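Q: Chains U and F, in that order, are what the protein sequence lines are.
With full-length UniProt numbering, letter number 159 in the first sequence gets 159, and the count goes up by one each step, no holes.
With full-length UniProt numbering, letter number 210 in the second sequence gets 210, and the count goes up by one each step, no holes.
Got a structure for you, questions after.
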Amino acid sequence: MRAFNKNTKVDVVENKNRSLISIENVTKNYTSGIVALDCISFAIYEGEFVSLVGPSGAGKSTIIKLLIREEIPSHGQIFIANRNIATIKRYQMPYFRRKIGVVFQDYKLLDHKTVAENIVFALEVSEASDEEIKNRVPKILNLVGLMDRADVFPNSLSGGERQRVSIARALVHSPKILIADEPTGNLDPVTSQDVINLLRKINLSGTTVILATHNKEIVDQINQRVVKLEKGKLIEDRKTGGYGR
Amino acid sequence: MIGLVKLRRIIFLGLRNFYRNGWLSTVATLMMSLTLIIITSFVVFNLILSSIINIAKNKIDLSVYFKDSVSETEIIDYQVKLKARADIETVEYVNKEKALSYFKLLPIKSEIKELVKPEDNILPRSLKIKTKDPEDIATISEYFSTPAFELRVDHISTKDNQEVIDRLLNMSRFVRWVGGLVSILFILIALVIIVNTIRLTIFARQKELEVMQLVGASWSFIRLPFLVESVMYVVLATTISTLVLFIGFRIIQSLAFQYLSITEYDLEKFLVNHIYVLIGWQLLTGLFISLISTIMSLRKYLKI
Ligand SMILES: Nc1ncnc2c1ncn2[C@@H]1O[C@H](COP(=O)(O)OP(=O)(O)OP(=O)(O)O)[C@@H](O)[C@H]1O
Ligand SMILES: [Mg+2]
Chain U
1 MRAFNKNTKV DVVENKNRSL ISIENVTKNY TSGIVALDCI SFAIYEGEFV
51 SLVGPSGAGK STIIKLLIRE EIPSHGQIFI ANRNIATIKR YQMPYFRRKI
101 GVVFQDYKLL DHKTVAENIV FALEVSEASD EEIKNRVPKI LNLVGLMDRA
151 DVFPNSLSGG ERQRVSIARA LVHSPKILIA DEPTGNLDPV TSQDVINLLR
201 KINLSGTTVI LATHNKEIVD QINQRVVKLE KGKLIEDRKT GGYGR
Chain F
1 MIGLVKLRRI IFLGLRNFYR NGWLSTVATL MMSLTLIIIT SFVVFNLILS
51 SIINIAKNKI DLSVYFKDSV SETEIIDYQV KLKARADIET VEYVNKEKAL
101 SYFKLLPIKS EIKELVKPED NILPRSLKIK TKDPEDIATI SEYFSTPAFE
151 LRVDHISTKD NQEVIDRLLN MSRFVRWVGG LVSILFILIA LVIIVNTIRL
201 TIFARQKELE VMQLVGASWS FIRLPFLVES VMYVVLATTI STLVLFIGFR
251 IIQSLAFQYL SITEYDLEKF LVNHIYVLIG WQLLTGLFIS LISTIMSLRK
301 YLKI
């Protein structure tokens, strides 16, 4: 905890040269009066694999929403690649979002599009060429093992399959930052293992990965940095190791 | 500038959404058809009404019949003076020969027609006056009724039916007013319904809008497919509405022919002659309504 606070201080001083992601004194109050995050500060460095852990309601998804500017902090600032993301203009938002791949806890698939179309859409909007789309979509579907489900609508998929579509969509841009919110929540242990292996592989290729989960075994197995939240407060930030306690 | 690839993708997305959202698209198309049918039939109804009224009004004229004692030069003098007035459309001098030829054309029994012979022409000479506005007929009629004309004028055609003319004029004013008001009312109701239908179709897809924003779709990629969808259902609705209007007017026409024996006004011919205007008008109205309400409703759910 103390080590971590030191880190932030350093960051504030070296204002010009922040880490890839820098969360500074962020508080988030929802309009319902709930304090989802209470003065959180931590930094994520390029190439890191950070597990964001904590019990249900701790504020993990809230941090993720703030990182992609789906929500705005009530207080404090978030910097990504040295840019205060609060200053991103409306018209710049799409470009910002395309640089960060997100696996949403509730999948957020387009119900009127098939599995393949969901992924194609993410590529189409980012102005990928037809050839690129033709090449990438089968590859990414193969990667998540959904080749035979390509033309099925999300409603007729199992929870785990939907989760994998969400993963495929997040990866299709080869983003610099990959955020996964509970990506194993609906998966059996074997498939979970596959997903985690996939995330590690992606991390090894240089992508910064942020994984929100409350699955102790997974976190222990990954054995990388762990940031622990509880009731909106940051209670532990360990460079390596497991879920703790 | 939108690239061709992007344009193709947007159009394709719009078309695919249109049939994937089958139920919403059907509702929107039907509502739009209904709106166009209501708006167009009231506009056409008002056009027809005013042209029927105009036909009837144009038939109203006034004939001043002169006594045989009045000289022809005097009558022609009146004709010239009347023609000079701004409110007069035409003044026709009907001499004895003309009066006879008109008389022969009247739909009356030939025995009666035999009674008047060219050698013994008892028909009076007259001035047939048409005013620019039928409302002014009464003024002219009054003018020729003054004591100065008592010895000269035999009778005035409208004197007996001035009341009928007044009633016709009042009625046409009333019908136009009521027709206009009822039309405006129905058009407003139709507009409220269609705007809200479009809002609901977009409300039903808020999740889709949210997801599109989260995966980094840009302004045009979110909005334009919706506009393509709007264009789709406006085109379909125009087709439906045009067909319905033609069938509807054909039925009205045959009824009018059967029961009211109105033959002078050929509705179908009117519509056929104006088919491009009719289709163009519906397309424009539909596009205007749907594009504006789509853009307005999207604004509510879009942060980009
Ligand atoms: N949109 C919202 N409006 C109001 N309150 C919210 C909203 N989203 C989250 N909250 C509240 O904020 C708190 C933190 O929620 P969050 O989703 O970040 O938790 P979490 O750590 O992701 O939990 P889980 O592990 O169950 O996903 C919770 O108490 C939740 O009820
Ligand atoms: Mg969560």
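Think of the CB as a built atom: it goes at the ideal place given N, C-alpha and C, for glycine as much as any other residue.
All of these numbers come straight from a predicted model, not from anything done at the bench.
Return yes when at least one heavy atom of ligand 2 lies under 7 Å from the C-beta of U:Asp181, else no.
A: The answer is yes for U:Asp181.
Q: With which residues is F:His155 paired in a DSSP beta bridge?
A: The partner list for F:His155 (beta bridge, DSSP) reads F:Tyr65.
Q: Less than 8 Å between the CB atoms is what I'm expecting for F:Lys96 and F:Arg125, so what's the real figure, rounded?
A: With 8 Å as the limit, F:Lys96 and F:Arg125 qualify as a contact, their Cβ atoms being about 6 Å apart.
Q: I believe U:Ser51 touches U:Ile167 by the beta-carbon criterion, under 8 Å. Please report the beta-carbon distance rounded to the nearest angstrom.
A: At roughly 16 Å, the Cβ-Cβ gap does not stay under 8 Å, so U:Ser51 and U:Ile167 are not in contact.
Q: Taking only beta-carbon positions, decide if U:Val115 is within less than 8 Å of chain F.
A: It does not; no Cβ of chain F falls within 8 Å.
Q: For F:Glu208, which residues in chain U fall below 8 Å Cβ to Cβ?
A: Here the neighbours are Leu110, Asp111, His112.
Q: Is there a C-beta anywhere in chain F that falls below 8 Å from the one on U:Arg98?
A: Chain F contact via Cβ: present.
Q: For ligand 1, is there any heavy atom lying closer than 7 Å to the beta carbon of U:Tyr107?
A: No, the Cβ of U:Tyr107 stays beyond 7 Å of every heavy atom of ligand 1.
Q: Give the interface partners of U:Glu182 over in chain F, defined as CB-CB distance under 8 Å, in chain order.
A: The contacting residues do not exist; U:Glu182 stays about 16 Å from chain F at best.
Q: Might you give, ordered along the chain, the residues of its own chain that have their beta carbon closer than 7 Å to the beta carbon of U:Asn186, omitting 5 neighbours on each side?
A: Only Gly159, Gly160, Gln163 meet the Cβ criterion.
Q: List the residues of chain F whose Cβ lies closer than 9 Å to the Cβ of U:Val125, in chain order.
A: Result: Arg9, Met212, Val215, Gly216, Ala217, Ser218, Phe221, Ile222.
Q: Kindly indicate if chain F contains any beta-carbon less than 8 Å away from that of U:Arg18.
A: Output row for U:Arg18: interface = no.
Q: Give me, in chain order, the residues of the same chain whose beta-carbon lies closer than 7 Å to that of F:Met31; leave out the 5 immediate sequence neighbours on both sides.
A: Counting only Cβ-Cβ distances below 7 Å, and skipping sequence neighbours, we find Ile193, Ile194, Thr197.
Q: Return the bridge partner residues of F:Tyr93 from the DSSP annotation.
A: F:Tyr93 is bridged to F:Leu127.
Q: By DSSP's criteria, U:Gly47 is part of a beta bridge. Which residues make up the other side?
A: U:Gly47 is not bridged to any residue.
Q: Per DSSP, what kind of secondary structure is U:Val13 in: helix, strand or coil?
A: Here U:Val13 scores only 39 on pLDDT, less than 50, and its place in the model is too uncertain to base an answer on.
Q: Go through its chain and collect everything with a Cβ distance to U:Asn17's Cβ below 8 Å, but skip five positions before and after it.
A: Closer than 8 Å at Cβ, skipping near neighbours: Asn82.
Q: By the DSSP assignment, the beta strand (DSSP E) with U:Asn118 in it spans what residues?
A: Per DSSP, U:Asn118 belongs to no beta strand (DSSP E); it is in the alpha helix (DSSP H), 115-125.
Q: Curious, which full-length beta strand (DSSP E) runs of at least 3 residues does the segment 138-225 of chain F contain?
A: You should have 153-156.
Q: When DSSP labels each residue in this structure, what does U:Arg83 get in the three-state scheme?
A: Three-state DSSP puts U:Arg83 in a strand.
Q: Below 8 Å, can you find three or more Cβ-Cβ pairs linking the segment 206-214 of chain U to the segment 39-54 of chain U?
A: Output reads yes: the segment 39-54 of chain U touches the segment 206-214 of chain U.
Q: So with Cβ pairs under 8 Å, would you call U:Arg169 a contact of chain F?
A: Yes, U:Arg169 counts as interfacial toward chain F.
Q: According to DSSP, U:Lys228 sits in a beta bridge with which residue or residues?
A: DSSP lists U:Val53, U:Glu236 as partners of U:Lys228.
Q: What does the alpha-carbon distance come out to for the pair F:Gly14 and F:Phe226?
A: Their Cα atoms are separated by approximately 6 Å.
Q: Check whether the Cβ of U:Pro154 lies closer than 8 Å to any Cβ atom in chain F.
A: Not an interface residue.
Q: Going along the segment 65-76 of chain U in order, which residues come within less than 8 Å of chain F, judged by CB to CB distance?
A: From the segment 65-76 of chain U, only Ile68, Glu70 have a Cβ closer than 8 Å to chain F.
Q: Please name the residue in F:Val244, F:Glu229, F:Leu271, F:Arg199 whose C-alpha comes closest to that of F:Arg299.
A: Selected option, being the one with the closest Cα: F:Arg199.
Q: When DSSP labels each residue in this structure, what does F:Lys300 get in the three-state scheme?
A: Reduced to three states, the DSSP call for F:Lys300 is helix.
Q: Give the single residue among U:Ile218, U:Leu20, U:Lys113 whose Cα lies nearest to the Cα of U:Asn197.
A: Comparing Cα positions, the closest option is U:Ile218.
Q: Against F:Val228, what residues of chain U qualify as contacts under a CB-to-CB distance less than 9 Å, listed in chain order?
A: Correct list: empty, because the minimum Cβ distance to chain U is about 14 Å.
Q: Is the Cβ-Cβ distance between U:Asn215 and U:Thr184 less than 8 Å?
A: Going by C-beta atoms, U:Asn215 is nearer than 8 Å to U:Thr184.
Q: Cβ of U:Asp130 less than 8 Å from any chain F Cβ?
A: Yes, U:Asp130 counts as interfacial toward chain F.
Q: So within the segment 25-70 of chain F, which uninterrupted beta strand (DSSP E) runs reach at least 3 residues, ignoring any that extend past its ends?
A: Listed in chain order, they are 62-66.
Q: Nearest to U:Glu46 by alpha carbon, out of U:Lys176, U:Leu234, U:Ile202?
A: Of the listed residues, the one whose Cα sits closest to U:Glu46 is U:Lys176.
Q: Taking only three categories from DSSP, how would you classify U:Gly160?
A: In this structure, U:Gly160 counts as helix in the three-state DSSP scheme.
Q: Quick one: list the residues of chain F neighbouring U:Ala122, beta-carbon separation under 9 Å, in chain order.
A: Those within 9 Å of U:Ala122 in chain F are Val215, Gly216, Ala217.
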